[in-house]
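As structure tokens, the structure follows; a few thoughts come after it.
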Amino acid sequence: MTIGHNGGPPLDEPDHAVTWGQFVWRRAHKKAWKTPPREVALRRLARAEELGMSYKDYTLEIFERGRFL
1 MTIGHNGGPP LDEPDHAVTW GQFVWRRAHK KAWKTPPREV ALRRLARAEE LGMSYKDYTL
61 EIFERGRFL
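According to the UniProt record's numbering, the sequence shown holds residues 1 to 69 in order.
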């Protein structure tokens, strides 16, 4: 792996060739995007609408930056 590589699946390999790193990455992705509790989702949705963003874009910003906007 090179510096700056996020460990995601390579784009040039066929789908049937899943490696251990891809399995771990997919599992982590699924866990991160798991549906949050209702109160959290509503709070994120309200804040996203205030900022003129979609819920998914707002949530992605939280994941990327590690803090709320």
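Yeah, the Cβ is synthetic: ideal placement off N, Cα and C, and Gly gets one too.
These figures come from a predicted structure and were not determined experimentally.
Sequence-distant residues of its chain with Cβ nearer than 8 Å to Arg27 (five each side left out) = Here residue 27 refers to the residue found at position 27 when the sequence shown is read from its first residue. Here the set comprises nothing.
Give the secondary structure of Trp25 by DSSP, where H, G and I count as helix, E and B as strand, and everything else as coil.
-> Numbered from its first residue, the sequence shown carries residue 25 at position 25. DSSP places Trp25 in helix when its eight states are reduced to three.
Would DSSP call Arg65 helix, strand or coil?
-> By 1-based counting over the sequence shown, the position of residue 65 is 65. Reduced to three states, the DSSP call for Arg65 is helix.
Would you please state the rounded distance, in angstroms, between the beta carbons of Tyr58 and Arg44? I believe it to be under 8 Å.
-> Against the sequence shown, residue 58 aligns to sequence position 58. Against the sequence shown, residue 44 aligns to sequence position 44. With a Cβ gap of about 6 Å, Tyr58 and Arg44 count as contacting.
Trp33, DSSP secondary structure in three states | Here residue 33 refers to the residue found at position 33 when the sequence shown is read from its first residue. In this structure, Trp33 counts as coil in the three-state DSSP scheme.
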